[in-house]
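There are 2 protein chains.
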Amino acid sequence: MAEKSHKNNKVSLSQVANAAGVSKMTASRVLRGEGGYSEKTRDLVMHQVDRLGYLPNRLAAVFAGDKTSTFIGVSIPDLGNEVFAQVLEGIDHKLGSFGHQTVLGLTQHTEKEEEDWIHTVLSWQPAGLILTGRFHSTRATEMLRNSGLPIVEIWDLNSSPLDMSVGINHFDAGFDMGRFLVGCGYRNIGYVGTSHDTANAATTRLAGFVKAVTGGGGEVTKQLCLHDTAAYYPGYYGTEQLLTSTPTLDCVFYQNDAMAFGGMQYCAAKGLKVPGDIGIAGWGDLPIAAVLPRRLTSMHVPHLRLGQTAAEMMMSRLSGEPVQPVKDIGFQLIPGSTVKNVGLR
Amino acid sequence: MAEKSHKNNKVSLSQVANAAGVSKMTASRVLRGEGGYSEKTRDLVMHQVDRLGYLPNRLAAVFAGDKTSTFIGVSIPDLGNEVFAQVLEGIDHKLGSFGHQTVLGLTQHTEKEEEDWIHTVLSWQPAGLILTGRFHSTRATEMLRNSGLPIVEIWDLNSSPLDMSVGINHFDAGFDMGRFLVGCGYRNIGYVGTSHDTANAATTRLAGFVKAVTGGGGEVTKQLCLHDTAAYYPGYYGTEQLLTSTPTLDCVFYQNDAMAFGGMQYCAAKGLKVPGDIGIAGWGDLPIAAVLPRRLTSMHVPHLRLGQTAAEMMMSRLSGEPVQPVKDIGFQLIPGSTVKNVGLR
DNA sequence: TAGCGCAACGTTACGGGTAACTCAACGGAA
DNA sequence: TTCCGTTGAGTTACCCGTAACGTTGCGCTA
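Chains as they are written, first to last, in my numbering: chain A, 369 to 713; chain B, 369 to 713.
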């Protein structure tokens, strides 16, 4: 099986055609199943395909047809954050079901890395790009515009997107959480997150949060932005830092549930009661929340669906259907019971 | 900026060359920086590259050079399992640092899906493939062999790999855990996992586990394999099912730490003391373990490093360096304190 | 000043498919 | 019988780069 060509060990279409005694074009037609050949010819060709172990060369097909590939470039900050793992899972499954492939790029939240990645990925003639966040470098924006490709900006909703956007308004979400916590009676609130990058949705969220808290008569007394991943242990030691430097805090808001859980564990280790001594609020309503004895105060965002929706918007645009370019996927505050419910408002 | 060609809106090398008043070949040389041109010519060409917003077409380059691309196909079962998210993160970072791209495939643990995905990915002329697991369908194996590409099988160490393999011996790891638990005095042990697929490493692990337990005079009384993801909540309700049907168990072994944590939460909710009333052992030493009050009995596997190593082996092979084809990345039992330590052996 | 070498650049021929066109054979209607 | 449409298949040009070679023109040597 699998007689190889001399050059590169790959069986080409012409080899199949020769072996079947037909022209390259006829073999091509059979393989694409677009008709215009007899049953007998089809069998001849397919038999040789099996015998030689022919694999189509989609790269050459794209090239010949002067079309784009079925690649979709997907840039994600990192996978240590469960949120993005879920988003990616949603994207890849949906893309896969449409016969498209994910070309991954972990761009670590930096514009420069994203820019380099975009340059590389565009050179592979992708069918479209899905990017996390709405801030891109000038050169990146220019390349994206010039490419003329469909682009979905996800996560941080962009009301005037390059092309399309799906996500939530993080400012509003942060604001809602802030208003809720102030409504619970908290006035002296801390924050633990992992980045102060202005391009980061978490920063936008924090801004909305701060606005709501100060507007409601409270104060975000201390904001901690660690140089680490938004995971359990940073939540733990971040809380330690926070409460050591500012013991007067009555509540802590975290960048996500993993960090919040880490914070809860710190509190438990130090004998601090939640919510008796201190309130805890997370973000994302991650799977771990489902098994905790006490419902974690959090903000539900449909991450998997967000990913799926992004992929669907991409597919719609590629098939020429009309697409609503900006989709707010929505969020829902989970009051939970890791904050006191003094029932204000 | 960005004057477009009539056809497909992309600026080609000849357009750049024409605009710069040089031949296509000279422009190509400048862009690849391989010398054979004057400084003046270089500036002329690069100026037009900027002005026209030219993006190289790597697809055409691969095609012309009759080479493979810089794509590496990476198949991962799913990202809901943090273990694989970490592995993927390790792979993509390392590949990226070598100028290669990950083409992702979430193949959901099934051979059929993997086979289809392999067929598709191979048609894009990748430079190599990284596959999770060592079991592949016959047709998949045949395609992989015929491709002649470098292949790294990860996770479940394959001592006679298609090409290369890195991971751990799950049978041995399961065996060690079983021996340890029996050594702790447990005799009536339950298991909660998510799959009975023979192609699954978890199944291999379980086999080793069972062998050690029965060999040590204990019994794996009940094995529960849920049709779900290996996450917190399945761990919770799986434990509920397990302990309801078999209340006599003295210990439960889980497919991973997330499930184990879910199980611990179930126990806590029901007033069962860990390890007083029941022992709990997880697998993977996931990040959450770092913040728990009680060290979770688990098995440490360097997931991130596993991913990085897989990528490094791939890069070594591609650059023609000699590669040790089978690498056991090792594991380490974390005794923890969620099991009794009766101090046997 | 012929002869030579080399830097700098141009020409040509692919590579593996596909679009668009052409052509032959055949069957049915006029 | 003639004409024409349909079916099945072949031909040709082209997609965008690169390898391999060919061609200049200049400076230097003998």
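C-beta atoms are modelled at their ideal positions from N, C-alpha and C, and glycine is treated no differently.
Say whether chain A places a C-beta atom closer than 7 Å to the C-beta of residue i.
i: GLY561/B; result: no
i: ILE702/B; result: no
i: ASN568/B; result: no
i: THR596/B; result: Correcting the residue type first, residue 596/B is Asp in the shown sequence and not Thr. ASP596/B does not count as touching chain A.
i: ALA714/B; result: An answer regarding residue 714/B cannot be provided, because it is not within the stretch 369 to 713 covered by chain B.
i: ASP531/B; result: no
i: ALA599/B; result: yes
i: GLY340/B; result: No information on residue 340/B is available, as it lies outside the stretch 369 to 713 that chain B covers here.
i: GLN633/B; result: yes
i: GLY630/B; result: yes
With 7 Å set as the bound, which would you pick, yes or no: does the beta-carbon of residue i sit closer than that to a beta-carbon of chain B?
i: GLU482/A; result: no
i: ALA453/A; result: yes
i: PHE431/A; result: yes
i: THR470/A; result: yes
i: LEU610/A; result: no
i: ALA385/A; result: no
i: GLY558/A; result: no
i: LEU447/A; result: yes
i: LEU733/A; result: Chain A is shown from 369 up to 713; residue 733/A falls before or after that span and cannot be answered.
i: TYR604/A; result: yes
Measure the C-alpha to C-alpha separation of residue i and residue j and round it to an integer number of angstroms.
i: ILE498/A; j: ILE459/A; result: 9 Å
i: LEU412/A; j: LEU474/A; result: 46 Å
i: HIS415/B; j: ALA508/A; result: 18 Å
i: ASP596/B; j: GLN700/A; result: 25 Å
i: PRO643/A; j: LEU447/A; result: 30 Å
i: TYR422/A; j: ARG397/A; result: 15 Å
i: LYS375/A; j: GLN493/A; result: Note that LYS375/A scores a pLDDT of 43, beneath 50, so its modelled location is shaky and nothing firm can be said.
i: GLY704/A; j: LEU490/A; result: 44 Å
i: ASN425/A; j: ASP696/B; result: 35 Å
i: GLY433/A; j: ARG400/A; result: 13 Å
i: THR394/A; j: PRO655/A; result: 53 Å
i: PHE629/B; j: MET681/B; result: 34 Å
i: LYS435/A; j: GLY496/A; result: 12 Å
i: CYS635/A; j: THR589/B; result: 38 Å
i: VAL691/A; j: GLY647/A; result: 42 Å
i: GLY542/A; j: ARG673/A; result: 20 Å
i: TYR559/A; j: TYR622/B; result: 34 Å
i: VAL471/B; j: GLY441/A; result: 9 Å
i: SER563/A; j: TRP523/A; result: 16 Å
i: MET532/A; j: GLY561/B; result: 40 Å
i: PRO615/B; j: THR572/B; result: 26 Å
i: VAL694/A; j: ALA679/A; result: 14 Å
i: ASN386/B; j: ASP418/B; result: 14 Å
i: ALA429/B; j: GLY404/B; result: 19 Å
Would you check if there are 3 or more beta carbon pairs closer than 8 Å linking the stretch 548-555 of chain A to the stretch 598-608 of chain A?
Taking 8 Å as the limit for Cβ pairs, the verdict is that the stretch 598-608 of chain A does not touch the stretch 548-555 of chain A.
Complete runs of the beta strand (DSSP E) confined to the stretch 465-535 of chain A [at least 3 residues]:
469-474, 496-500, 519-524
Got a sec: which bits of the stretch 653-670 of chain B sit with their beta carbon under 7 Å from any beta carbon on chain A, in order along the chain?
PRO655, ILE656, ALA658, VAL659, LEU660, PRO661
Return the residues of the stretch 490-501 of chain B that lie within a Cβ-Cβ distance of less than 8 Å from chain A, sorted by chain order.
Answer in chain order: LEU490, SER491, TRP492, GLN493.
For the structure I just gave you, are there three or more beta carbon pairs, one from the stretch 510-522 of chain A and one from the stretch 659-671 of chain A, closer than 8 Å?
Because the criterion of three Cβ pairs below 8 Å is not met, the stretch 510-522 of chain A and the stretch 659-671 of chain A do not touch.
Count the CB pairs spanning the stretch 625-639 of chain B and the stretch 574-582 of chain B that are closer than 8 Å, and state whether there are at least three.
no
Which runs of the alpha helix (DSSP H), 4 residues or longer, sit entirely within the stretch 615-658 of chain A?
625-637
Determine which residues of the stretch 499-529 of chain A have a Cβ less than 9 Å from any Cβ of chain B, and write them out in chain order.
GLU510, MET511, ARG513, ASN514, SER515, GLY516
Select from the stretch 406-429 of chain A all residues with a C-beta closer than 9 Å to any C-beta belonging to chain B, and list them in chain order.
GLY421, LEU423, PRO424, ASN425, ARG426, LEU427, ALA428, ALA429
Three CB pairs or more closer than 8 Å across the stretch 527-542 of chain B and the stretch 452-471 of chain B:
no
Count Cβ pairs between the stretch 679-691 of chain A and the stretch 648-665 of chain A that sit closer than 8 Å; are there 3 or more?
no
Taking contact to mean at least 3 C-beta pairs separated by less than 8 Å, is the stretch 475-485 of chain A in contact with the stretch 449-457 of chain A?
no
Check each residue of the stretch 612-626 of chain B: if its Cβ is closer than 9 Å to any Cβ of chain A, include it; give the result in chain order.
ALA626
As an exercise, report each continuous beta strand (DSSP E) stretch of at least 3 residues that is fully enclosed by the stretch 409-468 of chain A, in chain order.
439-444
Could you name each continuous beta strand (DSSP E) segment of 3 residues or more that falls completely within the stretch 565-615 of chain B, going from the start of the chain to the end?
587-593
Chain B contacts from the stretch 633-647 of chain A (Cβ-Cβ distance under 7 Å)
GLN633, ALA636, ALA637
Going along the chain, which unbroken runs of the beta strand (DSSP E) with 3 or more residues stay wholly within the stretch 669-705 of chain A?
694-696, 700-702
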